[in-house]
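Q: Residue 142 in the UniProt record's numbering is what sits at position 142 of the sequence shown, and the numbering runs on without skipping anything. Glycine included, every Cβ here is placed at the ideal spot set by N, Cα and C. Sharing a structure, written as structure tokens. Questions coming.
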Amino acid sequence: MFIPGDKEEQDMWPLNIMRAEPNHDKDLHRLLDLRPWNQDERRQYDDAKVRCQIKRNPGAVAVRYSFRYRRGHTTRCSPIFRVVALGGSLKTVRACHISDRRRRVARTNEQKNTLLHVACTFRQTAEVVRWIYARDPGAVEAQNRHGLLPLHCAAARGSSAEVVRLLIGWSPEALHSKNILRETPYDAAKHAGASHEVLKLVDPNVNAVSQTFTRRISESLASLTSCWGGVEARNEGGVAPTRRCSL
């Protein structure tokens, strides 16, 4: 079932999708069997070719593949996880999503990472991160096998400040979450040498001060508006104001 509002997605190649049966595609596997943390291999990723192959064979995204992992090991996941990890465009991520019309693939990979974890680990764009969150809001609070939230991954792996702000906005409580090493996102960011901007964003103390300051400003403005509203009302009645506002 399609998400309401995704008319553009429904129009992409509906006949191919309706006829597609799940199958392993050697060409798609070859295009995606690149290690995303290896920069030389990452540069070999061809987003247009991947999208073209998905259009030819939509059923190929509805199964899991064994992709190369670390030190000779492999990991099993669906193509959409690899596309996100390799920096695929939103157009190609969406192509994977709509082609698996019955949503057969698992919501997590073998490490219990959601797509949001993967996007934050491999520095995906804010555009892709927003799209993933819109389809799985609960992922922002999901912990992987190591107790990491997407915010841990984003803070420690160099995601943009914009992505970090989005994650905090969706789940402010994530700032206080701890992984299996008892590390908060701030601890993870500090150990990873994150930028000063990101460190400030994930520092619970700075964040708490900022929220308190914002709340007090809002309360003061509300008080000021209320006071001046009363003054105007009395003036209209011909009575001189006798009360001052104190902030």
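What residue from Cys52, Lys55, Ser78 and Arg68 has the CA that sits closest to Ala62's CA?
A: Closest option to Ala62, Cα to Cα, is Ser78.
Q: Quick one: residues in its chain with C-beta nearer than 6 Å to the C-beta of Leu151, no 5 flanking neighbours on either side, listed in chain order?
A: Within the same chain, Leu151 has close Cβ partners Leu167, Ala174 and Pro185.
Q: Taking Glu141 and Leu149 to be in contact with their CB atoms under 8 Å, please state how far apart those CB atoms are, rounded to whole angstroms.
A: 7 Å between Cβ atoms; contact.
Q: Look at Ala126 and Ala155 and say whether their C-beta atoms are less than 7 Å apart.
A: Not closer than 7 Å, so no.
Q: Please look up how many angstroms separate the CB atoms of Phe81 and Val118, rounded, as I've assumed it's under 8 Å.
A: That belief holds up - the Cβ atoms of Phe81 and Val118 are roughly 6 Å apart, short of 8 Å.
Q: Helix or strand or just coil, what does DSSP make of Thr184?
A: In this structure, Thr184 counts as coil in the three-state DSSP scheme.
Q: How is the alpha helix (DSSP H) around Phe81 delimited, first residue to last?
A: Run containing Phe81: Pro79 to Ala85, per the alpha helix (DSSP H) assignment.
Q: On the CB-based measure, 16 or more other CB atoms within 10 Å of its CB, does Asp100 come out buried or exposed?
A: By the 10 Å Cβ count, Asp100 comes out buried.
Q: To the nearest whole angstrom, what separates the beta carbons of His24 and Tyr65, a pair I think is in contact under 8 Å?
A: Correct: roughly 7 Å between the Cβ atoms.
Q: For the beta strand (DSSP E) that contains Ser66, what are its first and last residues?
A: Tyr65 to Arg68 is the extent of the beta strand (DSSP E) around Ser66.
Q: How would you write the range of the alpha helix (DSSP H) that Lys26 sits in, first residue to last?
A: Run containing Lys26: Lys26 to Leu32, per the alpha helix (DSSP H) assignment.
Q: When burial is assigned at 16 or more other CB atoms within 10 Å of the CB, is Ala139 buried or exposed?
A: It counts as buried.
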